[in-house]
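Under our numbering, the first residue of the sequence shown is numbered 1, with each subsequent residue one higher. Notes for the one structure printed next.
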Amino acid sequence: MRRVYVGYKAYLRYAGVIHIVAYPSLFISARITRTRPLFLSQEIPGQGPFPAGIDGKFSLTSEKPQLLPVLKFILNNEDVGTTLPPGMPLLDFIRYHQHLTGTKTGCNEGDCGACTILAGELLHGVLTYRSFTSCLMPLGNAHGKHIVTIEGINMLPALNTIQQAMVDNAATQCGFCTPGFVMSLAGFCLSRQAPTPENAVTAVDGNICRCTGYKSIERAAAAVAAQLVGRNNEEPAQFAAAHQLLPAYFSGIKERLKRLLLSLNGELTPPSGTTPRFMGGGTDLYVQQPEEIQEQPLRFLFGQEMLKGITREDNRCVVGAACTVNDLLASPIMRTYFPALESYVSLISSTPIRNMATIAGNFINASPIGDLTIFFLALDATIELSDGTTTRTLPLRELYKGYKQLDKRPEEYMTRCWFDLPDASTGFHFEKVSKRTHLDIASVNTAICITMKGNLIGTVRISAGGVGPVPALLTDTAAFLIGKAPSGAVIKVACAIAQSEVTPISDARGTAVYKRLLLEQLIKAHFITLFPSLQVELLL
Numbered sequence: 001m002r003r004v005y006v007g008y009k010a011y012l013r014y015a016g017v018i019h020i021v022a023y024p025s026l027f028i029s030a031r032i033t034r035t036r037p038l039f040l041s042q043e044i045p046g047q048g049p050f051p052a053g054i055d056g057k058f059s060l061t062s063e064k065p066q067l068l069p070v071l072k073f074i075l076n077n078e079d080v081g082t083t084l085p086p087g088m089p090l091l092d093f094i095r096y097h098q099h100l101t102g103t104k105t106g107c108n109e110g111d112c113g114a115c116t117i118l119a120g121e122l123l124h125g126v127l128t129y130r131s132f133t134s135c136l137m138p139l140g141n142a143h144g145k146h147i148v149t150i151e152g153i154n155m156l157p158a159l160n161t162i163q164q165a166m167v168d169n170a171a172t173q174c175g176f177c178t179p180g181f182v183m184s185l186a187g188f189c190l191s192r193q194a195p196t197p198e199n200a201v202t203a204v205d206g207n208i209c210r211c212t213g214y215k216s217i218e219r220a221a222a223a224v225a226a227q228l229v230g231r232n233n234e235e236p237a238q239f240a241a242a243h244q245l246l247p248a249y250f251s252g253i254k255e256r257l258k259r260l261l262l263s264l265n266g267e268l269t270p271p272s273g274t275t276p277r278f279m280g281g282g283t284d285l286y287v288q289q290p291e292e293i294q295e296q297p298l299r300f301l302f303g304q305e306m307l308k309g310i311t312r313e314d315n316r317c318v319v320g321a322a323c324t325v326n327d328l329l330a331s332p333i334m335r336t337y338f339p340a341l342e343s344y345v346s347l348i349s350s351t352p353i354r355n356m357a358t359i360a361g362n363f364i365n366a367s368p369i370g371d372l373t374i375f376f377l378a379l380d381a382t383i384e385l386s387d388g389t390t391t392r393t394l395p396l397r398e399l400y401k402g403y404k405q406l407d408k409r410p411e412e413y414m415t416r417c418w419f420d421l422p423d424a425s426t427g428f429h430f431e432k433v434s435k436r437t438h439l440d441i442a443s444v445n446t447a448i449c450i451t452m453k454g455n456l457i458g459t460v461r462i463s464a465g466g467v468g469p470v471p472a473l474l475t476d477t478a479a480f481l482i483g484k485a486p487s488g489a490v491i492k493v494a495c496a497i498a499q500s501e502v503t504p505i506s507d508a509r510g511t512a513v514y515k516r517l518l519l520e521q522l523i524k525a526h527f528i529t530l531f532p533s534l535q536v537e538l539l540l
């Protein structure tokens with residue numbers, strides 16, 4: 001067997017994309033400039049949509065390949081099985097193998113939302129749909145799920161309710177972004193969120209439109225929400241099918257998924273004799289190393305039930321490593337103990353990315369500005385690592401040994417983390433500043449967890465990201481604050497000590513001087529939020 005690779009420029013030439021000169025904005029893509037390899041076939045040269053003699057970049061390998069696992073899922077209304085590499089982006093499979101071109105290639109970084117699809121799965125017997133960006137989703141994470149593209153919600157010859165709302169409110173112009181918006185609103189229809197205009201607009205917070213100015217899209221979203229008012233406690237997929245919001249086949253997906261899961265042989269395992277790389281949601285790795293990942297042996301942790309769940313055990317909260325940002329937001333435990341959680345989470349990416357990004361991925365990626373890492377560092381979280389046979393625990397603060405260097409062996413993966421739940425005398429606050437308020441990487445982020453003993457600070461932890469090679473705890477600053485009463489003078493000295501603990505660098509997200517100023521202001525913001533009486537002192 002041979003595998004064929006072709007550059008994207010060659011693909012565009014073959015596919016007849018002659019309008020790239022006339023309409024360049026429709027085809028601006030990271031794929032075109034970096035020619036990410038495209039898997040055409042595991043069979044012979046020329047199989048599939050590309051002739052053997054195409055003028056492009058080919059690399060033909062005839063060595064015997066590793067036996068790849070069979071991936072099985074439902075794509076729209078069809079059962080699909082494939083032995084293509086599970087590290088292939090789902091977007092590539094959809095467009096170039098299934099020829100479903102309504103799902104668009106845009107930024108390739110999960111920002112624009114043009115490639116939005118829905119993934120439905122059975123969680124504790126409940127059919128749950130979430131919007132994902134398919135450019136960052138590995139094909140392996142589709143295993144055992146219902147994947148829905150824009151073609152899968154069509155109700156030809158008529159438009160469905162969502163599409164009609166977009167038309168009625170003039171919510172589309174060039175149309176390139178429209179499939180993504182429609183899919184995000186379809187995800188809203190299939191969710192259990194309250195059918196309010198505000199929630200409908202939040203559902204499209206991961207979609208970008210450069211034409212409309214968004215107001216017409218907001219009106220369309222409100223019109224869709226109005227169609228859901230009578231749903232009450234009915235299962236969303238059943239309601240959507242019964243009321244012709246979505247095609248009738250959605251009503252049978254739950255039973256089809258049950259049969260599919262029974263036919264699967266447990267976890268999707270990498271080829272024997274290989275050392276796999278562990279994969280969560282893919283939202284970091286597919287931005288940083290898309291080419292490297294596609295042919296690597298992978299072990300997929302995203303869908304493992306044993307790594308999910310947020311529970312309370314005595315006085316601590318235990319969070320599964322495969323829990324996503326939106327799992328945190330949906331947790332009654334987290335919302336009870338962190339009342340401002342929704343405002344914190346709104347600063348972290350968008351709905352589709354929050355549906356995909358896992359806690360373990362954020363920790364293990366070891367970014368100096370990982371938002372969840374900064375959040376949990378302030379809580380003095382402990383993580384559990386496993387090699388499949390033995391486990392060990394490690395304080396999160398001890399995981400980072402240098403830039404992208406971890407106290408973790410290659411065969412280890414994170415299984416869960418936990419932290420002590422705050423009591424009534426404890427305050428918590430998270431801050432983040434980025435060039436854009438939403439959908440952006442932090443310039444500086446920080447969190448504080450402070451426990452008072454009477455009028456004095458009993459314990460305090462302040463984490464800081466973007467000001468050094470690793471996510472940091474400001475231990476000297478904390479040591480100074482313990483035993484003191486919060487005051488403007490004390491906080492200003494603490495800010496000065498914090499400056500001695502950080503080593504920011506100048507980069508695209510700001511100069512070193514700017515980041516130092518940000519950290520000082522954000523520490524003050526922590527104390528103003530938790531101790532409002534300090535506002536006048538700290539602002540003078």
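Think of the CB as a built atom: it goes at the ideal place given N, C-alpha and C, for glycine as much as any other residue. Since this is a predicted model, take the numbers as computed values, not measurements.
- His526 counts as buried, since no fewer than 16 other beta carbons sit within 10 angstroms of its beta carbon.
- Counting along the chain, the unbroken beta strand (DSSP E) around Tyr400 starts and ends at 400-402.
- Within the DSSP secondary-structure output, Lys453 pairs in a beta bridge with Leu456.
- The three-state secondary structure of Ser263, taken from DSSP, is helix.
- Remark: C-beta atoms of Ile369 and Gly230 do not approach each other more closely than 7 Å.
- Secondary structure at Met155: strand, using DSSP grouped into helix, strand and coil.
- Residue Pro236 holds the alpha-carbon nearest to the alpha-carbon of Gly252 among Gly281, Tyr403, Pro236.
- In this structure the stretch 323-334 does not lie against the stretch 242-257, because fewer than three pairs of beta carbons, one per stretch, are closer than 8 Å.
- Scanning His97, Glu398, Phe73 for the CA closest to the CA of Ala472 turns up Glu398.
- The beta carbon of Ile383 is closer than 6 Å to those of Leu394, Leu396, Met414, Cys417 in its chain, skipping five residues each way along the sequence.
- When DSSP states are grouped into helix, strand and coil, Tyr344 belongs to the helix group.
- When secondary structure is reduced to three states using DSSP, Ser184 falls in the helix class.
- Less than 7 Å separates the beta-carbon of Glu431 from that of Thr446.
- Following the DSSP letters along the chain, one finds Lys435 in no alpha helix (DSSP H), marked with neither H nor E.
- Gln294 is a Cβ neighbour of Met88, given a cutoff of 7 Å.
- Under the 10 Å beta carbon count, Gly213 is surrounded by fewer than 16 other beta carbons and is classified as exposed.
- The alpha-carbon separation between Leu530 and Phe419 amounts to approximately 21 Å.
- In this model, Leu307 and Gly320 are separated by some 5 Å (Cα to Cα).
- Per DSSP, Met334 is not a residue of any beta strand (DSSP E); the alpha helix (DSSP H) it occupies stretches across 332-337.
- Taking Asn77 as reference, the option from Met155, Thr83, Thr116, Val460 with the minimal CA-CA separation is Met155.
- Contact between the stretch 202-219 and the stretch 107-126 is present, with at least three C-beta pairs closer than 8 Å.
- Val224 and Cys177 have their C-alpha atoms some 18 Å from each other.
- By the criterion of a C-beta distance shorter than 6 Å, Val433 is surrounded in its chain by Ser443, Val444, Leu518, once the five residues flanking it on both sides are discounted.
- According to the DSSP assignment, Ile162 belongs to no beta strand (DSSP E) but to the alpha helix (DSSP H) extending over 161-168.
- The count of Cβ pairs closer than 8 Å, one atom from the stretch 343-363 and one from the stretch 272-289, reaches three, so the stretches are in contact.
- Ala498 and Asp476 have their C-alpha atoms roughly 7 Å apart.
- When the beta-carbon positions are compared, Arg461 and Asp380 come within less than 7 Å of each other.
- DSSP, read as helix, strand or coil, puts Arg231 in helix.
- Met414 is bridged by DSSP to Leu385.
- In this structure, DSSP gives Ser131 an extended state, which the three-state scheme calls strand.
- Three or more beta-carbon pairs separated by less than 8 Å link the stretch 146-165 to the stretch 180-197, which places the two stretches in contact.
- Going by DSSP, Cys495 is part of the alpha helix (DSSP H) stretching over 488-501.
- By DSSP's assignment, Glu78 forms a beta bridge with Leu75.
- A distance below 7 Å separates the beta carbons of Thr503 and Gly468.
- The stretch 258-273 and the stretch 98-105 do not touch, with fewer than three beta-carbon pairs separated by less than 8 Å.
- Residues of the same chain with a CB within less than 6 Å of the CB of Glu501, apart from the 5 flanking positions on each side, are Leu474, Asp476 in chain order.
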